[in-house]
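Engineer: Numbering (our numbering), first residue to last: 370 to 588.
We put the CB at the ideal spot given by N, CA and C, even for glycine.
I'd like to ask you about the structure that follows.
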Amino acid sequence: MRIEKFVHSCLRLTLQGKRLLFDPGKFSFVDGRVDPRDLSDVDFILFTHGHPDHLDCKALRTIVGDGEPRIFGGNKVAATLRSQGFTVSEVGEEGLDLGPFTVRALPVRHEPILAEEIPAVLAFVVNDRLLNPGDSFDERLRQFAGIEALALPVMAPFLTEIGAYEFASSMRPSHVLPVHDGYARDWFLTQRYDTYQPYFEKAGMTFHRLQQPGDGFDL
370 MRIEKFVHSC LRLTLQGKRL LFDPGKFSFV DGRVDPRDLS DVDFILFTHG
420 HPDHLDCKAL RTIVGDGEPR IFGGNKVAAT LRSQGFTVSE VGEEGLDLGP
470 FTVRALPVRH EPILAEEIPA VLAFVVNDRL LNPGDSFDER LRQFAGIEAL
520 ALPVMAPFLT EIGAYEFASS MRPSHVLPVH DGYARDWFLT QRYDTYQPYF
570 EKAGMTFHRL QQPGDGFDL
């Protein structure tokens, strides 16, 4: 399975000729480094939640184009997308068979933020190998401790570097994919990765420096 990152929390998985896309949000496209047309060949699109850095309806319209990718999200994401004319399947706590991808969805809480409403989050486990927790370090995720790969938020209003490292340590993945860092300038992102990497490596976790759009690795 090929895993590629297109800024912030936008991940594309490729397996057996099929492509699954997570969270194409505004931070991925706002500065023109990623063209949503380059993601238009995906077969499945999954949203962890509806915050704009995870969901951009304008970009999504370009991604969908004339194609027919299947779109999935929780009830509020589904309502938002349907109001914009998209066809979307509402997902709760369930399993999804998406071609070569077997996906488990799990409702979890968003980490605390300064907001009147905190959205529900769907965490996703793909092929029992990759955990995408969205913006959540919920205790329910501990059942996946030992997962092969973890998409780990490394920068966020709700986050410290110690908090990120402690969550990853509790999950014990072999591979760490840093996400949720699309608002950082390149020099600062390099500095953050330089700080994180030796600690993860010392703990036996491979830290993948997915810094440039399209950077990825094979799992």
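1) Are VAL446 and PHE470 closer than 8 Å when you measure CB to CB?
2) For GLU459, does the three-state DSSP call read helix, strand or coil?
3) Check whether the Cβ atoms of HIS577 and VAL548 lie closer than 8 Å to each other.
4) The alpha helix (DSSP H) spanning ARG451 covers which residue range?
5) ARG511 and VAL477 - do their beta-carbons sit closer together than 8 Å?
6) Can you find the residues in the same chain that come closer than 6 Å, C-beta to C-beta, to SER409, ignoring five residues on each side of it along the sequence?
7) Could you tell me how far apart the beta carbons of ASN501 and PHE413 are, in whole angstroms, since I believe they sit closer than 8 Å?
8) May I ask you to list the residues that DSSP assigns as paired with GLU373?
9) Got a sec? Which residues, its chain only, sit under 8 Å from LEU465 by beta carbon, not counting five neighbours each side?
10) Three Cβ pairs or more, each shorter than 8 Å: is that satisfied between the segment 385-400 and the segment 522-531?
11) Determine the closest residue to GLU517 out of ALA537, SER543 and SER539, with distance taken between C-alpha atoms.
12) By how many angstroms is the C-alpha of LEU499 removed from the C-alpha of ALA520?
13) Nearest CA to the CA of GLN580: which residue from TYR552, ALA572 and ALA489?
14) Measure the C-alpha to C-alpha separation of PRO421 and ILE531 and round it to an integer number of angstroms.
Structural biologist: According to the structure shown:
1) no
2) strand
3) no
4) 444-452
5) no
6) ILE432 and GLY434
7) About 13 Å; that fails the 8 Å criterion.
8) Partner(s): ARG381 and GLY585.
9) PHE441, THR471, VAL472, ARG473 and ALA474
10) no
11) SER543
12) 7 Å
13) TYR552
14) 26 Å
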